[in-house]
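Chemist: Structure provided below as structure tokens; questions to follow.
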């Protein structure tokens, strides 16, 4: 996998997503998230666009604001992930909560969305992608961890999305530390999820977050 880090997301030979399926996904996204404030179109042969939906992450019952974006890929689920098996959902789209949809963040998200097709693998809840260097400026964390949405509208997107009879997994993108990765490897995912709750893990990606381990 790491030997192919330099391969950009444009390096695939898959067909572009059909217009009907593309619109189908976007209509489901918009039904729960509203219209995207930005859409970043992919020019690669395997087209994976990224939509940025503005959101105030402060719950309605609380005062103040915490504005950011829900980034959501559109095109990853066009194909079944080649490594999926058993009860795993064979198709997925990726979601990342960020302060701003920067070029760096979008490039990482699009690369992750292409990786199963480059490495003949699949992504599901709890899966990880470890890198040899931090993928985003301002953080020391080098491992992506995929979870599933816990915020209502995002869960509804996941529940409604289906392609060619296959349910589509929506996976949220998170960055974790070496110590947190070691905890997951030694004790499993649940103790780490408990740590997220105990530390009020922020929904919006914070590159300056300290390790919880």
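Numbering (the UniProt record's numbering), first residue to last: 1 to 213.
In this text, a Cβ means the ideal position worked out from N, Cα and C, and glycines have one as well.
All values derive from a computational prediction rather than experimental measurement.
Compare the C-alpha of residue 110 against each of 93, 191, 139, 174 and name the closest.
Modeler: Answer by Cα proximity: 93.
Chemist: Where does the unbroken beta strand (DSSP E) through residue 94 begin, and where does it stop?
Modeler: 91–98
Chemist: May I ask which residues mark the beginning and end of the beta strand (DSSP E) holding residue 174?
Modeler: Run containing residue 174: 166–176, per the beta strand (DSSP E) assignment.
Chemist: Closest by CA to residue 55, which one among 49, 78, 23, 96?
Modeler: 96
Chemist: Mapping the DSSP letters down to three states, classify residue 107 as helix, strand or coil.
Modeler: helix
Chemist: On the three-state DSSP scale, how would you describe residue 29?
Modeler: In the structure shown, the three-state DSSP call for residue 29 is helix.
Chemist: Roughly how many whole angstroms lie between the Cα atoms of residue 153 and residue 204?
Modeler: 16 Å
Chemist: Sort out for me which residues DSSP pairs residue 163 with in a bridge.
Modeler: Note: residue 163 sits in a beta bridge opposite 166.
Chemist: Could you spell out the range, first to last residue, of the beta strand (DSSP E) harbouring residue 53?
Modeler: Judged by DSSP secondary structure, residue 53 falls within the beta strand (DSSP E) whose first and last residues are 49–56.
Chemist: What's the gap between the Cα of residue 19 and the Cα of residue 43?
Modeler: 15 Å
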